[in-house]
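Reading through the structure tokens given below for one structure.
2 protein chains.
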Amino acid sequence: MAMNLKSLSVLLGLSQTTISRALNGYPEVSAQTRRRVLDAVRETGYRPNRAAQRLATGKAKSIGLVMPVGLVTESDVHFGEFLEGLSSKAVAYDFHFVMNPSLPGEEETTFRRLAASGTVDALFLASVRADDGRLAMLQSLSVPFIVHGRSIGVPMDYPYLDIDNTKAFYTATRLLIQLGHTRIALINGPEHLTYAIRRKRGVVRALADVGLILPDEAVQHSVMTDDYGFQGMQRFLTLDEPPTAVLCSSTVLALGAVRALNEAKLKIGRDVSLIAHDDVLPMLKPEHFSVPLTTTRSSLRAAGARIAERLIGPLLGLCDYPRQELWETELIVRDSTGPAPL
Amino acid sequence: MAMNLKSLSVLLGLSQTTISRALNGYPEVSAQTRRRVLDAVRETGYRPNRAAQRLATGKAKSIGLVMPVGLVTESDVHFGEFLEGLSSKAVAYDFHFVMNPSLPGEEETTFRRLAASGTVDALFLASVRADDGRLAMLQSLSVPFIVHGRSIGVPMDYPYLDIDNTKAFYTATRLLIQLGHTRIALINGPEHLTYAIRRKRGVVRALADVGLILPDEAVQHSVMTDDYGFQGMQRFLTLDEPPTAVLCSSTVLALGAVRALNEAKLKIGRDVSLIAHDDVLPMLKPEHFSVPLTTTRSSLRAAGARIAERLIGPLLGLCDYPRQELWETELIVRDSTGPAPL
DNA sequence: CAAATTATTCAAAGCGCTTTGGGCGTTAGA
DNA sequence: TCTAACGCCCAAAGCGCTTTGAATAATTTG
Numbered sequence: 355m356a357m358n359l360k361s362l363s364v365l366l367g368l369s370q371t372t373i374s375r376a377l378n379g380y381p382e383v384s385a386q387t388r389r390r391v392l393d394a395v396r397e398t399g400y401r402p403n404r405a406a407q408r409l410a411t412g413k414a415k416s417i418g419l420v421m422p423v424g425l426v427t428e429s430d431v432h433f434g435e436f437l438e439g440l441s442s443k444a445v446a447y448d449f450h451f452v453m454n455p456s457l458p459g460e461e462e463t464t465f466r467r468l469a470a471s472g473t474v475d476a477l478f479l480a481s482v483r484a485d486d487g488r489l490a491m492l493q494s495l496s497v498p499f500i501v502h503g504r505s506i507g508v509p510m511d512y513p514y515l516d517i518d519n520t521k522a523f524y525t526a527t528r529l530l531i532q533l534g535h536t537r538i539a540l541i542n543g544p545e546h547l548t549y550a551i552r553r554k555r556g557v558v559r560a561l562a563d564v565g566l567i568l569p570d571e572a573v574q575h576s577v578m579t580d581d582y583g584f585q586g587m588q589r590f591l592t593l594d595e596p597p598t599a600v601l602c603s604s605t606v607l608a609l610g611a612v613r614a615l616n617e618a619k620l621k622i623g624r625d626v627s628l629i630a631h632d633d634v635l636p637m638l639k640p641e642h643f644s645v646p647l648t649t650t651r652s653s654l655r656a657a658g659a660r661i662a663e664r665l666i667g668p669l670l671g672l673c674d675y676p677r678q679e680l681w682e683t684e685l686i687v688r689d690s691t692g693p694a695p696l
Numbered sequence: 355m356a357m358n359l360k361s362l363s364v365l366l367g368l369s370q371t372t373i374s375r376a377l378n379g380y381p382e383v384s385a386q387t388r389r390r391v392l393d394a395v396r397e398t399g400y401r402p403n404r405a406a407q408r409l410a411t412g413k414a415k416s417i418g419l420v421m422p423v424g425l426v427t428e429s430d431v432h433f434g435e436f437l438e439g440l441s442s443k444a445v446a447y448d449f450h451f452v453m454n455p456s457l458p459g460e461e462e463t464t465f466r467r468l469a470a471s472g473t474v475d476a477l478f479l480a481s482v483r484a485d486d487g488r489l490a491m492l493q494s495l496s497v498p499f500i501v502h503g504r505s506i507g508v509p510m511d512y513p514y515l516d517i518d519n520t521k522a523f524y525t526a527t528r529l530l531i532q533l534g535h536t537r538i539a540l541i542n543g544p545e546h547l548t549y550a551i552r553r554k555r556g557v558v559r560a561l562a563d564v565g566l567i568l569p570d571e572a573v574q575h576s577v578m579t580d581d582y583g584f585q586g587m588q589r590f591l592t593l594d595e596p597p598t599a600v601l602c603s604s605t606v607l608a609l610g611a612v613r614a615l616n617e618a619k620l621k622i623g624r625d626v627s628l629i630a631h632d633d634v635l636p637m638l639k640p641e642h643f644s645v646p647l648t649t650t651r652s653s654l655r656a657a658g659a660r661i662a663e664r665l666i667g668p669l670l671g672l673c674d675y676p677r678q679e680l681w682e683t684e685l686i687v688r689d690s691t692g693p694a695p696l
């Protein structure tokens, strides 16, 4: 049934060695023989068995990614977008990646199993938490890996790609302050994730620069769906002194926030200013909001592509990738920000 | 470095056979020996090499999914949501799935390669087109597969899971007609995809029932992003006789459509009625639109989960799955539909 | 108590590929 | 001319696991 090396070798009257070499581009095969092999492969539809290749070479040509799955599916959209980037590169290198859906508590086990079973030659970690124990674990696994994001309070030196979240939100907040806002609120991602922690820090710092503070009631941490954006904004509006400017950790949150503002008949950019972080989700462009959103921008898809590159490149001997990258974000001013109301 | 069966057998003074059997639950191993093996496994962190297992058993314990990638990334959000469902089940059966990003023209090659190389034991196909040649190809591959959606004009008998798109949009349109609407428009998915074709048919039929037709200028086919929802609705509003009711193939499209209506100062549910198909995207709930949307509903995530089940089940000898399933959708009436304006 | 089971365990043969270590003709160097 | 150097190709040894066919030890059975 299935064509394999042996059948092919019989068919061609060549040794398996020669065929293997012809296919893998080794020089010690005559041009004529190589042609013959290639032709036969085309005709028979032969494909080397990947499991056998793995076993023989020890290389899996695949990268593992542990996908958080569970009750609360964090950041689905964002994750999907990241995947697109990752996969576009993977295909270019003929790598495939195995998704390992994993329940929250079982992630560590999953990583261990992947590494020990030789299913993948490289791993990828996302949704980094403060003091994330998975980093030390990955380090110990003797499988190359890259982290999307970086931890806090982990003194290790590990490879990562992250964006400068602190700076992004610091700059955004500074803009709001320059516009005269003093009551600023934040609708953030999940509290334990480091990007959320850093974004909050950015806001806090910018406020501190001018002697202001960020009160607890002006911060919401939650999964980034429009629901929570809505709820968060609604709650802010019931405060004694509602904020005149709000930062959102995602355009998805902003979607809900905008809805809440509309319901309250508040005009965005005049009554309340809004800045969101834009992951460049194709389905949700900030310039298409009824009032185009001012954003801090960094493409999640580009990050995925870059990580794939850095993961795969070294496996193929293409070196020279930086070990750690910190991308700057762009602050793009549109119509959702304006001077603070008097 | 890496612990393997041989080392373990030396360590325990047992044969590889016995250990293998102990681990795979065969009866011909004494309880005591099994304990010893299990303990040793725990201590050493041994994991069977998956490539070797595959080679030996011929089973890959993984399912392949060819992910469309390219210039126009179709329905990212929708796809992501589907994935979540698929993966949640996969994990339950200790299967992983390999994503194969594939450019539009290369899908067929990718399928072939996956099948011939024994990387996966089952395949999955989505984004079905009319007269989709990939079906015949899959059939010929001697690898089990399931199609999400079903083709049109392909007389074959193949396993699928689909929702009754025609009926969904037929029923929705009938509701609009009952409310007195006669000028109805449709913002649909990509023209070549069968779900879009069927949805349009549903609309056409319901209109035909009462002697009406669906003019070409009242239909838009496009990728389902909010952009296109916006553009589509805007265009409809410039028609000589603008529609009084519009159907959208996704809540994402509806997002843009709503924006266009807001800009035109038209009141949803009064000036213009809106019905959208709801894939139950957690980030975009129809009940959270400023005017809660009337929808036809069917969970994409549930579909993913079900497909994983049907893909994996038979491989494990759990049979009794229907070969073809056609899910009904629910028509849920909220506030975005109302009587046609006079 | 011998013979027949039954319960455990093992050695060895693959699974399909890559890779090491030759083995021949041919051509180049001395 | 003889030898060193290629060029090209092959046989065979794994990679780490499962599985078949036996062997050995422990129990039963007649």
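Residue numbers (the numbering used here), protein chains in the order written: chain A, 355 to 696; chain B, 355 to 696.
Quick reminder that beta carbons are idealized off the backbone N, C-alpha and C, glycines included.
* C-alpha distance - Val482/B paired with Thr548/B, whole-angstrom precision -> Distance from the CA of Val482/B to the CA of Thr548/B, rounded to the nearest whole angstrom, comes to 6 Å.
* Gln574/A classed as buried or exposed, judged by whether at least 16 other C-beta atoms fall within 10 angstroms -> A residue is called buried once 16 or more other Cβ atoms fall within 10 Å of its Cβ, and Gln574/A is buried on that count.
* Measure the alpha-carbon distance for Ala490/B versus Val558/B and round it to whole angstroms. => Their backbone Cα atoms lie some 29 Å apart in a straight line.
* Asked: Closest to Leu533/A by CA distance: which of Ser627/A, Ile551/A, Thr372/A and Ser361/A is it?
  -> Nearest of Ser627/A, Ile551/A, Thr372/A and Ser361/A to Leu533/A, Cα basis: Ser627/A.
* Nearest-angstrom Cα distance between Arg555/B and Gly434/B? -> So the alpha carbons of these two residues sit roughly 27 Å apart.
* Over the uninterrupted beta strand (DSSP E) stretch that includes Ala599/B, give me the two end residues. => In the DSSP annotation of this structure, the continuous segment of the beta strand (DSSP E) that includes Ala599/B starts and ends at Ala599 to Cys602.
* Reduced DSSP secondary structure (H/G/I, E/B, other) of Val426/A -> Residue confidence is low: Val426/A scores 45 on pLDDT, short of 50, so the model does not pin down where it sits. Its coordinate-derived value is still stated next. It is coil, neither helix nor strand.
* Taking just the CA atoms, how far does Ser441/B sit from Val321/B? -> Because chain B in this structure spans residues 355 to 696, residue 321/B falls outside the shown range and cannot be described.
* Asked: Between Met491/B and chain A, is there a C-beta pair that is closer than 9 Å?
  -> So no, Met491/B is outside the interface.
* Show which residues of chain B have a CB atom less than 7 Å away from the CB atom of Thr473/A. => Correct list: Arg404.
* Asked: Which whole-angstrom value describes the C-beta separation of Ser416/B and Asp475/B, a residue pair presumed to lie in contact below a C-beta threshold of 8 Å?
  -> The distance from the Cβ of Ser416/B to that of Asp475/B is about 7 Å, consistent with a contact at the 8 Å cut-off.
* To do: Specify the secondary structure class of Arg660/B as computed by DSSP and reduced to three states.
  => If DSSP states are grouped into helix, strand and coil, Arg660/B belongs with the helices.
* Asked: Just checking, does the stretch 466-475 of chain B make contact with the stretch 676-687 of chain B on the three C-beta pairs under 8 Å criterion?
  -> No: the two stretches stay apart, fewer than three of their Cβ pairs being nearer than 8 Å.
* To do: Check Val452/A in the structure and name its three-state DSSP category.
  => DSSP places Val452/A in strand when its eight states are reduced to three.
* Segment contact flag, the stretch 507-516 of chain A with the stretch 658-666 of chain A, C-beta cutoff 8 Å, min 3 pairs -> Result yes; three or more Cβ-Cβ pairs closer than 8 Å.
* Who are the neighbours of Thr579/A on chain B, taking C-beta pairs under 7 Å? -> Residues of chain B with a Cβ closer than 7 Å to the Cβ of Thr579/A are, in chain order, Pro636 and Met637.
* Is there a Cβ from chain A that is less than 9 Å from the Cβ of Tyr549/B? -> The C-beta of Tyr549/B comes no closer than 9 Å to any C-beta of chain A.
* To do: Identify every residue that forms a DSSP beta bridge with Tyr400/A.
  => As DSSP reads the structure, Tyr400/A sits in no beta bridge.
* To do: Please name the residue or residues paired with Gln574/B in a DSSP beta bridge.
  => In the DSSP output, where bridge partners are listed per residue, Gln574/B has Ile541/B.
* Asked: Going along the chain, which residues of the stretch 439-465 of chain B sit with their C-beta nearer than 8 Å to a C-beta in chain A?
  -> The residues in question are Ser441, Ser442, Ala444, Val445, His450, Phe451, Val452, Met453, Asn454, Pro455, Ser456 and Leu457.
* Asked: Cβ of His575/A less than 9 Å from any chain B Cβ?
  -> No, because no Cβ of chain B sits closer than 9 Å to the Cβ of His575/A.
* To do: Provide the residue span of the beta strand (DSSP E) that contains Asp632/B, from first to last.
  => Here the beta strand (DSSP E) through Asp632/B covers Ser627 to Asp632.
* **Length of the line joining the Cα atoms of Gly367/B and Arg396/B** => Put simply, the backbone Cα of Gly367/B is about 17 Å away from that of Arg396/B.
* In this structure, does DSSP put Val612/B in helix, strand or coil? -> Helix, per DSSP.
* Can you name, in chain order, every residue of its own chain whose Cβ lies under 6 Å from the Cβ of Leu568/B, other than the five neighbours on each side? -> Cβ within range, chain order: Val557, Val558 and Leu561.
* Span separating the alpha-carbon of Gln585/A from that of Ala611/A -> Going from the Cα of Gln585/A to the Cα of Ala611/A covers about 8 Å.
* **Segment limits, alpha helix (DSSP H) that includes Phe523/B** => Its alpha helix (DSSP H) spans residues Asn519 to Gln532.
* To do: Taking 9 Å as the cut-off, decide whether the C-beta atoms of Thr698/A and Pro695/A are in contact.
  => Look at the range of chain A in this structure, 355 to 696, and you will see that residue 698/A is not part of it.
* **At least 3 beta-carbon pairs within less than 8 Å: the stretch 653-660 of chain B vs the stretch 519-533 of chain B** => With a cut-off of 8 Å, the stretch 519-533 of chain B and the stretch 653-660 of chain B do not count as touching, because too few Cβ pairs lie within range.
* Range covered by the beta strand (DSSP E) that runs through Ile686/A -> For Ile686/A, the enclosing beta strand (DSSP E) has its first and last residue at Glu684 to Ile686.
* To do: Could you list the residues in the stretch 382-409 of chain A with a C-beta less than 9 Å from some C-beta on chain B, going in chain order?
  => So the close ones are Gly399, Tyr400, Arg401, Pro402, Asn403, Arg404, Ala405, Ala406, Gln407, Arg408 and Leu409.
* **DSSP three-state assignment for His502/B, whether helix, strand or coil** => Looking at His502/B - three-state DSSP - the assignment turns out to be strand.
* When DSSP builds the beta bridges, which residues end up paired with Tyr514/A? -> Answer is Val501/A and Gln678/A, bridged to Tyr514/A.
* Inter-residue Cα distance where the pair is Ile373/A and Gln493/A -> A direct Cα-to-Cα measurement between Ile373/A and Gln493/A gives close to 39 Å.
* Can you say whether Pro402/B is buried or exposed, counting buried as having 16 or more other CB atoms within 10 angstroms of its CB? => Answer is buried; the Cβ neighbour count reaches 16.
* To do: List the residues of chain B whose Cβ lies closer than 8 Å to the Cβ of His642/A, in chain order.
  => Within chain B, the residues whose beta carbon sits less than 8 Å from that of His642/A are Asp580, Asp581, Phe584, Gly610 and Arg613, listed in sequence order.
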